[in-house]
Amino acid sequence: MSYLVPLVLVALAIFLVVNVIKIVPQGREFTVERFGRYTRTLKPGISILTPFVESIGRRVNMMEQVLDVPQQEVITKDNVSVKVDAIVFIQVMDASQAAYRVDNLMYAITQLAQTNLRTVVGSMELDEVLSQRDQINTRLLTTIDAATHPWGVKVARIEIKDLTPPADITNAMARQMKAERERRAVITEAEGEKQSQIARAEGQKQSAILQAEGRREAAFRDAEAREREAEAEAKATAFVSEAISKGDVNAINYFIAQKYVEAFGDLARSPNAKTVIVPADFAGLTGTVAGVAELVKTLGGADAPRAAVPPTKPRGA
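Count along the sequence shown starting at 1, add 189, and that's the number in the working numbering.
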C-alpha cells in the first residue's frame, strides 16, 4: 500500500503535464474550450491550460491547402455537354470561424465550387468556355471567396484543370481548325502574289521611266547634233553663196558634186541593187572635188597672205 501513493502522484503529474502544457506546431492553431464553450485560440508555441477546466477543441491547419474538385458533366448555354474539373487553393485566416461556423469545411468548399462551376459554365456557350478560361476562373474566384469569407477562409485562386467536350464536337472542331488554317494559307498566298505583282509592276514602271528618260536624252542629243549640223551646213552654204556671188564656178560645182555623191550613195545602199554600175564620167567627179577643195582654200584663205608660188618649169626645159 505504501507504493500506491507515489504511483498515483506520478500518474497524476503526467496527466497534468499532458493536459495542461500544450505545444502548438508552426502552421497550426488550436482552439481552447472551457466546459465546451470556445474561449480563445492558441498560436504556435507553448501554452498552459487550466487543469480540469480548459481543453483543446479543434486543431486547425493555417497553411494554404489545395482542394480537388471532382469532374462533372455540365451543359453549356448552347446545349453541349462538357466534362469539367478544377482545383481550389484556400487558406484559413480565422481558426475559430473555420472551426465553429461550418461543419466539415473541406467538403463544404468542394460542394460550393462544384455548384458554382456548373452555374458559370452553364451560362456560357461552348466556344466561350474553351476560349475564356481566365474569365471563368475570375468569376468562380469572386463568387466562392465571397461565400467562404464568413467561414474565415480566403480563396487564393481557382483553376480549370481539365475541360473535355464530346468526341463528335472535338472532331468537328478539328475539321473547323483545319479549314481555318487552309483559308489563312490561301489568303497568305494570295497576299504574297499580290505583293509580287505590285513589285513587278513597280519594276516595270521604273524601267519604263528610265527608258523614257533615256529616249528623251537621246532625242535631245540628236536634236543638238542636227542643230550643229544645220549650223555647219548653213555656214558652208553662206560661204558657197558668197563665192557664187563673186562669180566663182567652183561654188556651183560644190552643190553639183554634193548631190551627185548623195544620189550615188543611195544607189549603192539600195537592198535591191545586186550590181552597181559606175558611170563613164565618174572620173570627172575628181575634178569637181578638186574644184571644191580650191573653193574651200579660197574662202578660208581670202584674208591670209598668199605664199609665193615658184614658176612652172617649161616642159622639155
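Idealized CB from N, CA, C, for every residue including glycine.
Quick caveat, the model's predicted, so the values are computed rather than measured.
From residue 365 to residue 300, what distance separates their C-alpha atoms? Going from the Cα of residue 365 to the Cα of residue 300 covers about 36 Å.
Where does residue 354 fall in DSSP's three states? It is coil, neither helix nor strand.
Using a Cβ-Cβ cut-off of 8 Å (strictly less than) and excluding sequence neighbours within five positions of residue 334, which residues of its own chain qualify? A distance below 8 Å between beta-carbons, with the five flanking residues on each side excluded, links residue 334 to the following residues of its chain, in chain order: 343, 344.
Paired residues, beta bridge with residue 227 - DSSP: In the DSSP assignment, residue 227 is bridged to 222.
Quick check: the region 293-311 against the region 264-280, are there 3 or more CB pairs under 8 Å? As far as the Cβ criterion goes, the region 293-311 touches the region 264-280, which means the pair count is three or higher.
DSSP bridge partner residues for residue 236 (one or two, in chain order): DSSP output for residue 236 lists 211 as bridge partner(s).
What did DSSP end up calling residue 381 once you bin it into helix, strand or coil? Of the three classes helix, strand and coil, the one that applies to residue 381 here is helix, per DSSP.
Go ahead and label residue 328 buried or exposed: buried means 16 or more other beta carbons lie within 10 angstroms of its beta carbon, across all protein chains shown. Result: buried.
Under three-state DSSP, which class holds residue 250? Residue 250 carries a strand assignment under DSSP once its states are collapsed to helix, strand and coil.
Can you tell which of 267, 218, 227 has its C-alpha closest to the C-alpha of residue 283? Distances from the CA of residue 283 to each of 267, 218, 227 were compared; the closest alpha carbon is that of 218.
Reference residue 269; option with closest CA among 224, 257, 306, 318: For the residues 224, 257, 306, 318, the minimum Cα distance to residue 269 belongs to 318.
DSSP three-state label for residue 278, please. For residue 278, the secondary structure class from DSSP, reduced to helix, strand or coil, is strand.
Judging by CA-CA distance, which residue of 252, 243, 267, 339 is the nearest neighbour of residue 289? Nearest option by C-alpha distance: 339.
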